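First residue of the sequence shown? That's 423 in our numbering, and the numbers climb one at a time after it.
Below is one structure, written out as structure tokens, with a few remarks after it.
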Amino acid sequence: MPPTVLELEPSSTSRATSGYDDWMFATPDCPPSDYARLSSFDLTIYSELDRLAALKPNWDSEGANRVKPEIIEAARELISALPRSIKARVKVPAVVPMRKGNLQFEWHDGPKTLELEIENPAIIHYLKWHSEAGIEEEEVRLIADTETVTELIEWFVEG
């Protein structure tokens, strides 16, 4: 699990050259020379994942399980594996807890929807849907298949 964020500061990389916000974060066991670079996309999602990790059982008052730590970790790994170029072009998804203890990334734009549900640390279930174009595709993939995940996000951005 990534260490706790202690300090955020804008990096020296300009927006004009990078195409996205870069941030640097310091961690208790990470010297300043080893600061990691994260986009605002990553930071926003990691913040949401931290919020979901803190949910207690029965968070929905209807008996929902808390989001499993291994699901949170798999979500972090998936996000960190996505190419920066796609993160710069897509809006941050809704990060939604599911009653069974898993979570889902959701993008919606009018009649177009993309949902990526992390069912377990190895499996992602996706729904690619566009009512006006007659597209409804649902499959299960390995979470390590970031090429397919990237293609799905590309479809949402450009489709």
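Ideal placement from N, C-alpha and C gives every residue a C-beta, glycine not left out.
Quantities reported herein were computed from a predicted structural model and do not represent experimental measurements.
TODO: Can you say whether Glu560 is buried or exposed, counting buried as having 16 or more other CB atoms within 10 angstroms of its CB?
DONE: When all chains shown are included, Glu560 counts as exposed.
Open item on the list: Assuming the contact rule is C-beta atoms closer than 8 Å, Pro515 and Trp529 should be a hit. Round their C-beta distance to whole Å, please.
Closed with: 5 Å
Task: Reference Ser502; option with closest CA among Leu474, Trp481, Thr466 - done: Nearest C-alpha to Ser502: Thr466.
Open item on the list: Our contact map puts Leu536 next to Ala497 with C-beta atoms below 8 Å; I'd like the distance itself, whole angstroms only.
Closed with: About 15 Å separates the two Cβ atoms, so there is no contact after all.
TODO: Tell me, please, which residues DSSP counts as bridged to Tyr548.
DONE: Leu538, Glu561
Task: Enclosing alpha helix (DSSP H) for Val471 [first to last residue] - done: Residue identity differs from the one stated: residue 471 is Leu in this sequence, not Val. That run of the alpha helix (DSSP H) goes 462 to 475.
Open item on the list: What does the Cβ neighbour count give for Leu564, buried or exposed, with the cut at 16 atoms within 10 Å?
Closed with: exposed
Task: Enclosing alpha helix (DSSP H) for Leu574 [first to last residue] - done: Segment 568 to 580, the alpha helix (DSSP H) holding Leu574.
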